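Chemist: Here you go, one structure.
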Amino acid sequence: MYILGISCFYHDSSVCLLKEGNVIAAALEERFTRKKHDTSFPINAIRFCLEKEDITIKDIDYIGFYEKPLLKAERILHQHLEAFPKSYKTFIFSFPSLINEKLRIPNLIKKKLKYKGDILFIEHHLAHAASAFLTSPFQRSAILTVDGVGEWTTTAYGLGDGNDIHLIKEIKFPHSLGLLYSTVTAYLGFTVNNSEYKVMGLSAYGNKNKRTNPYYRKFKKVVDIKKDGSYQLNMSYFVFYYSDRMPSLKMCKLLGGPVSKKGAEITQRHKDIAAALQMITEEVMIKMLNYVYKVTRCKNIVLAGGVALNSVCNGKILKNTPFKKIWIQPDAGDGGKSMGVDFYIYNTILD
Amino acid sequence: MKNLKLFLISFKKGFLSLNRFITKITNCILLSIVYFFGIGLTSIIAKIFKKHFLKLKKSKNTKTYWINLDLKKKSIEDYYRQF
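One line per chain: the protein sequences are P and U, in this order.
Counting from 1, one number per residue, gives the positions in the first sequence under this note's numbering.
Counting from 1001, one number per residue, gives the positions in the second sequence under this note's numbering.
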């Protein structure tokens, strides 16, 4: 049995081919098009995977897609309804791609691949969870997925046992740790969905003292963190839910200046902002993980989602939580979800 | 003959650019109508009835922001659906 997992149209389009539960080939579309974080339909990656096994699309039994397109469209529609008329520009630019691509996934797959078989749609965070848990060495494990946004979910935790995954609770859009990180990345003059790792690296050069870093206290106004690690953003500091920009003017005022221009000189202020953001991120993650342990009572933890790519934070998990073993999906972002989709279909749905 | 070929190539390029321009304008007009009459009216009516589509305001007196999800294995038919 062959299963082809596809992840595309947001960032890091990817494909994974599974044969009887074993990975035959997996590739990111960017490797073929030479466009970093390519979002397009991964036709080249699909060709590569099929050629690797010397099969055609007719041999594929199931194609899995990494999210539920209508739920995502519902969320986008809600954003426009809430933000009217401020979302006009975004609507004009993004609506054609929503209609032509994101809501026509089955037609697109059938047309581009001449595929006539079954297509299964797996929820975004379930695909993340599967990409971490079902590829891990654990039989039973707590699961935490944290990213920008899926359909509605931005953060979820649950439990994996054998081949089953149960996501218990979530935090919903627009409250998102990933989008907070991306907003500050944009504020510091870096590119969103690409340069978050630079901000993470930059944080090491900033003031890591919570008492003396003024931006840490300022970020406390932006994020309300509960004891159980759940959090809520103060949305007056953000415009990402209706604009292609991310920080609001209020955020610029809070951080003491306008959005940095791309390539502008990096000063100590930038470094301190990055350090404060990293401290907030770590605080949320550690609190969440301690709470997840309290709920699941499982000594293993698996992580996925873009925030799980924050290796500085990941390095502190075992020291600051009761978890004894940790597994992080190497491509924890959207690229790894094509593999999660495949594993979930093979191990869980068809089990 | 060569001049005619060059003219036809330039004409084709110009015509395609005009085509793209008209498509852009038409799209913009149609989408604006959808936005202001579809999204706009719904949004205004919803705001009159104090209906919110996103949770933008801070929750007061809450101990946690976790929301029940309870997402687990469903029957295969559920995965054929796009929602």
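By construction, the Cβ of each residue, glycine as well, lies at the ideal position given by its N, Cα and C atoms.
All values reported here derive from a predicted model rather than from experimental measurement.
Please go through the segment 56 to 127 of chain P and give each complete beta strand (DSSP E) segment of 3 or more residues, from N-terminal end onward.
Modeler: Listed in chain order, the complete beta strand (DSSP E) runs (minimum 3 residues) inside the segment 56 to 127 of chain P are 62 to 65, 118 to 121.
Chemist: Less than 9 Å between CB atoms is the rule here; does Leu1056 (chain U) satisfy it with respect to chain P?
Modeler: Translated into positions along the second sequence, residue 1056 (chain U) becomes position 56. With 9 Å as the cut-off, Leu1056 (chain U) counts as an interface residue toward chain P.
Chemist: Near Pro247 (chain P), what residues of its chain come up, given a Cβ to Cβ distance below 6 Å and the 5 sequence neighbours on each side ignored?
Modeler: One-based indexing of the first sequence puts residue 247 (chain P) at position 247. Counting only Cβ-Cβ distances below 6 Å, and skipping sequence neighbours, we find Thr183, Tyr187.
Chemist: Count the other CB atoms within 10 Å of the CB of Phe1039 (chain U); is the residue buried (16 or more) or exposed (fewer)?
Modeler: Translated into the one-based positions of the second sequence, residue 1039 (chain U) becomes position 39. The sequence given here has Ile at residue 1039 (chain U), not Phe. Ile1039 (chain U) comes out buried.
Chemist: Got a sec: is the Cβ-Cβ distance from Lys1063 (chain U) to anything in chain P below 9 Å?
Modeler: As a first step, residue 1063 (chain U) must be located in the second sequence, where it is residue number 63. Chain P contact via Cβ: present.
Chemist: Are there three or more Cβ pairs, one per stretch, closer than 8 Å when the segment 209 to 221 of chain P is compared with the segment 265 to 284 of chain P?
Modeler: Segments in contact, yes.
Chemist: Using 10 angstroms around the beta-carbon of Pro96 (chain P), count the other beta-carbons present and answer buried if the total reaches 16, otherwise exposed.
Modeler: If you number the first sequence from 1, residue 96 (chain P) lands on position 96. Classification of Pro96 (chain P): exposed, given that the 10 Å Cβ count is below 16.
Chemist: Pop quiz: Asn346 (chain P) and Leu18 (chain P) are said to be a contact at Cβ under 8 Å. What is the actual Cβ separation, rounded to whole angstroms?
Modeler: Position 346 of the first sequence, counted from the start, is the residue given in the question as residue 346 (chain P). Position 18 of the first sequence, counted from the start, is the residue given in the question as residue 18 (chain P). Correcting the residue type first, residue 346 (chain P) is Tyr in the shown sequence and not Asn. Right, their Cβ atoms sit about 6 Å apart.
Chemist: Which residues, in order along the segment 323 to 351 of chain P, keep a beta-carbon less than 7 Å from a beta-carbon of chain U?
Modeler: Within the segment 323 to 351 of chain P, the qualifying residues are Thr348, Ile349.
Chemist: Thinking just about the alpha-carbon of each residue, which of P:Ile143, P:Lys227, P:Ser136, P:Ile63 is nearest to the one in Leu108 (chain P)?
Modeler: Stepping through the first sequence from its first residue, residue 108 (chain P) is reached at position 108. Nearest of P:Ile143, P:Lys227, P:Ser136, P:Ile63 to Leu108 (chain P), Cα basis: P:Ile63.
Chemist: Closer than 8 Å between beta carbons: that is the criterion. Which residues of the segment 158 to 172 of chain P meet it against chain U?
Modeler: Per Cβ criterion, the list reads Gly158, Asp164, Ile165, His166, Leu167, Ile168, Lys169, Glu170, Ile171, Lys172.
Chemist: In terms of residues, what are the limits of the alpha helix (DSSP H) holding Lys287 (chain P)?
Modeler: What you label residue 287 (chain P) is simply residue 287 of the first sequence in a count that begins at 1. Per DSSP, Lys287 (chain P) belongs to the alpha helix (DSSP H) from 268 to 296.
Chemist: Say whether chain U places a C-beta atom closer than 9 Å to the C-beta of Gln232 (chain P).
Modeler: Translated into positions along the first sequence, residue 232 (chain P) becomes position 232. Closer than 9 Å: yes.
Chemist: Going by beta carbon distance, what residues of the same chain come within less than 7 Å of Asp59 (chain P), once the five residues before and after it are set aside?
Modeler: Here residue 59 (chain P) is taken as the residue at index 59 of the first sequence, counted from 1. So the qualifying residues of the chain are Tyr2.
Chemist: For chain P, is any of its Cβ atoms less than 9 Å away from the one on Ser1017 (chain U)?
Modeler: For the purposes of this step, residue 1017 (chain U) is taken as the residue at position 17 of the second sequence. No, because no Cβ of chain P sits closer than 9 Å to the Cβ of Ser1017 (chain U).
Chemist: Suppose you measure from the CA of Asn209 (chain P) to the CA of Ile280 (chain P); what does that come to, to the nearest Å?
Modeler: As a working mapping, residue 209 (chain P) is identified with position 209 in the first sequence. As a working mapping, residue 280 (chain P) is identified with position 280 in the first sequence. Going from the Cα of Asn209 (chain P) to the Cα of Ile280 (chain P) covers about 12 Å.
Chemist: Sort U:Tyr1080, U:Lys1055, U:Leu1030, U:Leu1018 by Cα distance to Gln79 (chain P) and report the nearest one.
Modeler: Reading the first sequence from its first residue, position 79 is the one you call residue 79 (chain P). For Gln79 (chain P), the nearest C-alpha among the options comes from U:Lys1055.
Chemist: In angstroms, rounded to a whole number, what distance separates the CA positions of Pro330 (chain P) and Gly336 (chain P)?
Modeler: To locate residue 330 (chain P), count along the first sequence from 1; it is residue 330. To locate residue 336 (chain P), count along the first sequence from 1; it is residue 336. Between Pro330 (chain P) and Gly336 (chain P), the C-alpha separation is close to 8 Å.
Chemist: Rounded C-beta distance between Phe48 (chain P) and Ala25 (chain P)? I'm assuming under 8 Å.
Modeler: Looking up residue 48 (chain P) in the first sequence gives position 48. Looking up residue 25 (chain P) in the first sequence gives position 25. With a Cβ gap of about 7 Å, Phe48 (chain P) and Ala25 (chain P) count as contacting.
Chemist: Sort U:Lys1063, U:Phe1007, U:Gln1082 by Cα distance to Ser230 (chain P) and report the nearest one.
Modeler: As a working note, residue 230 (chain P) is residue 230 in the first sequence. Checking every option, the nearest Cα to that of Ser230 (chain P) belongs to U:Lys1063.
Chemist: The alpha helix (DSSP H) with Tyr215 (chain P) in it runs from where to where?
Modeler: Here residue 215 (chain P) refers to the residue found at position 215 of the first sequence. First-last of the alpha helix (DSSP H) with Tyr215 (chain P): 214 to 222.
Chemist: Thr183 (chain P) lies in the beta strand (DSSP E); which residues open and close that run?
Modeler: In the first sequence, the residue the question calls residue 183 (chain P) occupies position 183. Not the beta strand (DSSP E): Thr183 (chain P) falls in the alpha helix (DSSP H), residues 177 to 187.
Chemist: What are the start and end residues of the beta strand (DSSP E) that includes Cys16 (chain P)?
Modeler: Taking the first residue of the first sequence as position 1, residue 16 (chain P) is located at position 16. Start and end: 14 to 19.
Chemist: Consider the Cβ of Thr1026 (chain U): report whether some Cβ of chain P lies at a distance smaller than 9 Å.
Modeler: In the second sequence, counting from the first residue as 1, residue 1026 (chain U) sits at position 26. Cβ-Cβ to chain P under 9 Å: no for Thr1026 (chain U).
Chemist: Using a 10 Å radius around the Cβ and a threshold of 16 neighbouring Cβ atoms, would you call Phe91 (chain P) buried or exposed?
Modeler: Walking along the first sequence from the start, residue 91 (chain P) turns up at place 91. Phe91 (chain P) is buried by the Cβ-count criterion.
Chemist: Of the choices P:Cys313, P:Asp61, P:Gly263, P:Ile286, whose alpha-carbon is the least far from that of Lys116 (chain P)?
Modeler: As a working note, residue 116 (chain P) is residue 116 in the first sequence. The residue with the shortest Cα to Cα distance from Lys116 (chain P) is P:Asp61.
Chemist: Using 9 Å as the limit for Cβ to Cβ distance, is Pro247 (chain P) near chain U?
Modeler: On the first sequence, position 247 is the one that residue 247 (chain P) refers to. Pro247 (chain P) does not count as touching chain U.
Chemist: Using a beta-carbon distance cut-off of less than 8 Å, what residues from the segment 169 to 197 of chain P approach chain U?
Modeler: Residues Lys169, Glu170, Ile171, Lys172, Phe173, Pro174, His175.
Chemist: Rounded to whole angstroms, what's the CA-CA distance from Phe1015 (chain U) to Ile1022 (chain U)? Just pull it up for me.
Modeler: Sequence index remark: in the second sequence, residue 1015 (chain U) carries index 15 (1-based). Sequence index remark: in the second sequence, residue 1022 (chain U) carries index 22 (1-based). About 10 Å.
Chemist: Report the residue ranges of all beta strand (DSSP E) runs contained in full by the segment 1027 to 1057 of chain U; include only those spanning at least 3 residues, in chain order.
Modeler: List check, beta strand (DSSP E) in window: nothing returned.
Chemist: Taking 9 Å as the threshold (beta carbon to beta carbon), is Ala156 (chain P) in contact with chain U?
Modeler: Counting from 1 along the first sequence, the entry for residue 156 (chain P) is found at position 156. It does: the Cβ of Ala156 (chain P) has a partner Cβ on chain U nearer than 9 Å.
Chemist: Is Glu283 (chain P) close to chain U? Criterion is C-beta to C-beta, closer than 9 Å.
Modeler: One-based indexing of the first sequence puts residue 283 (chain P) at position 283. It does not; no Cβ of chain U falls within 9 Å.
Chemist: Assuming the contact rule is C-beta atoms closer than 8 Å, Leu277 (chain P) and Ser203 (chain P) should be a hit. Round their C-beta distance to whole Å, please.
Modeler: Numbered from 1 along the first sequence, position 277 holds the residue referred to as residue 277 (chain P). Numbered from 1 along the first sequence, position 203 holds the residue referred to as residue 203 (chain P). Yes, they are in contact, since the Cβ atoms of Leu277 (chain P) and Ser203 (chain P) sit about 7 Å apart, within 8 Å.
Chemist: Can you name, in chain order, every residue of its own chain whose Cβ lies under 6 Å from the Cβ of Gly160 (chain P), other than the five neighbours on each side?
Modeler: Residue numbering aside, residue 160 (chain P) sits at position 160 when the first sequence is read from its first letter. If we look at Gly160 (chain P) and ignore the five residues flanking it on each side, its Cβ neighbours are Phe133, Ser141, Ile143.
Chemist: Let's see if you can read the secondary structure: which residues bound the alpha helix (DSSP H) around Asn44 (chain P)?
Modeler: As a working note, residue 44 (chain P) is residue 44 in the first sequence. Looking at the DSSP string, the run of the alpha helix (DSSP H) that includes Asn44 (chain P) is 43 to 53.
Chemist: Using beta carbons (cut-off 9 Å, strictly below), is Ile1039 (chain U) in contact with chain P?
Modeler: On the second sequence, position 39 is the one that residue 1039 (chain U) refers to. At least one chain P Cβ lies under 9 Å of Ile1039 (chain U).
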